[in-house]
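Chemist:
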Amino acid sequence: MADQTAKKRENKVLRRNEYYAIQDVFDSLYAKSKQGAIFTDLMSLIASPQNIALAYRRIKRNKGSRTPGTNMGTIEQIAEKGNDVLVAYVQRRLANYKPHPVRRVMIPKDNGKERPLGIPTIEDRLIQQCILQVMEPVCEAKFHKHSYGFRPNRNTHHAIGRFRFLAFTVKLEYVVDIDIKGFFDNVDHSKLLKQIWSMGIHDKNLLCVISKLLKAPIQGEGVPQKGTPQGGLCGDPHKPPYADTFIMLSRPA
């Protein structure tokens, strides 16, 4: 049942991408990345009207789009702009990008502690989604085939299936349980950018925008020197490059 639900969700995403005539572009990026291509002009795709329209559609359906950032704007204010005005706005922001401050929210945890969330403005969430959509197929082609966290069309059921195969068919006897303490708070910005570069993303304009996103000031705390705020769209996709590196280093020769 879970696999069927995941398949329906995947098909829905594909239909939506095809509606905006951009799925072929994503497929091409994946195929080229798989062949080791170097990408020096992804920004033109990120700022394309089709990609921006798709990004708006995706964040509009996310309940987080109704959570205000530091400028107190929500998806309703974005919707009022209209498609042509919205596209021009995003293209103008990307041409000389400077992220708005991130709103800090503390969420209670079961152990009595608090987990910090960083809430970007709705405009920055839209720009992050535009970037994510284009970077994702490039990076997906390079990620380890048996990593499952924070990736599209993968879930815990796939991880369990892999575990069952290794445990009962291959007869592997050891499980290594690893938790990176405070992962999101300690991501090294320069190492992350180098890992993105190593995946073939050599678009210096895009890397500059990502660097600015990582350095977006946090309300009441200033400019972060490390870490990625949990709560933004570009927080989770930064995890697989680190996890992928660990898998490659720990894999038997």
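In my numbering, the protein residues as written are 85 to 337. By construction, the Cβ of each residue, glycine as well, lies at the ideal position given by its N, Cα and C atoms.
Across the region 183-196 and the region 245-264, are there enough close Cβ pairs to call them in contact, namely three or more that are closer than 8 Å?
Modeler: no
Chemist: For Arg248, which three-state DSSP category applies?
Modeler: helix
Chemist: Evaluate the contact criterion for the region 206-226 versus the region 152-167: three or more CB pairs, one atom per stretch, below 8 Å.
Modeler: yes
Chemist: Between which two residues does the alpha helix (DSSP H) carrying Val222 extend?
Modeler: Ile206 to Glu224
Chemist: Going by CA-CA distance only, name the one from Leu298, Gln314, Phe123 and Gln119 that's closest to Val218.
Modeler: Phe123
Chemist: When DSSP builds the beta bridges, which residues end up paired with Pro192?
Modeler: Paired residues: Glu198.
Chemist: How many angstroms separate the CA atom of Ala105 from the CA atom of Lys255?
Modeler: 46 Å
Chemist: With Val307 and Lys296 assumed to form a contact (beta carbons below 8 Å), what rounded beta-carbon distance in angstroms separates them?
Modeler: At roughly 10 Å, the Cβ-Cβ gap does not stay under 8 Å, so Val307 and Lys296 are not in contact.
Chemist: Pull up the CB-CB distance for Leu201 and Gly315, whole angstroms please, since I reckon it's below 8 Å.
Modeler: 4 Å
Chemist: Return the bridge partner residues of Ile203 from the DSSP annotation.
Modeler: Arg187
Chemist: For Gly148, does the three-state DSSP call read helix, strand or coil?
Modeler: helix
Chemist: Name the one or two DSSP bridge partners that Phe123 has.
Modeler: Ile285
Chemist: Hey, Leu290 and Met127 are a contact pair by Cβ (cut 8 Å); roughly how many whole angstroms apart?
Modeler: 5 Å
Chemist: Is Ile264 helix, strand or coil by DSSP?
Modeler: coil
Chemist: Near Gln119, what residues of its chain come up, given a Cβ to Cβ distance below 7 Å and the 5 sequence neighbours on each side ignored?
Modeler: There are no such residues.
Chemist: Here's the rule: buried if 16 or more other CB atoms are within 10 angstroms of the residue's CB, otherwise exposed. What is Ala137?
Modeler: With 16 or more other Cβ atoms from the protein chains shown falling within 10 Å of its own Cβ, Ala137 counts as buried.
Chemist: Output the distance between the C-alpha atoms of Gly343 and Pro301, rounded to the nearest integer angstrom.
Modeler: Residue 343 cannot be examined here, being either before or after the span of the chain that is shown, 85 to 337.
Chemist: Starting from the C-beta of His286, find all residues in its chain whose C-beta is less than 8 Å away, skip the five residues before and the five after it, and write them out in chain order.
Modeler: Ile122, Phe123 and Thr124
Chemist: Which residues in the same chain as Lys116 place their Cβ atom closer than 6 Å to its Cβ, once the five residues preceding and following it in sequence are excluded?
Modeler: none
Chemist: For Ile136, which three-state DSSP category applies?
Modeler: helix
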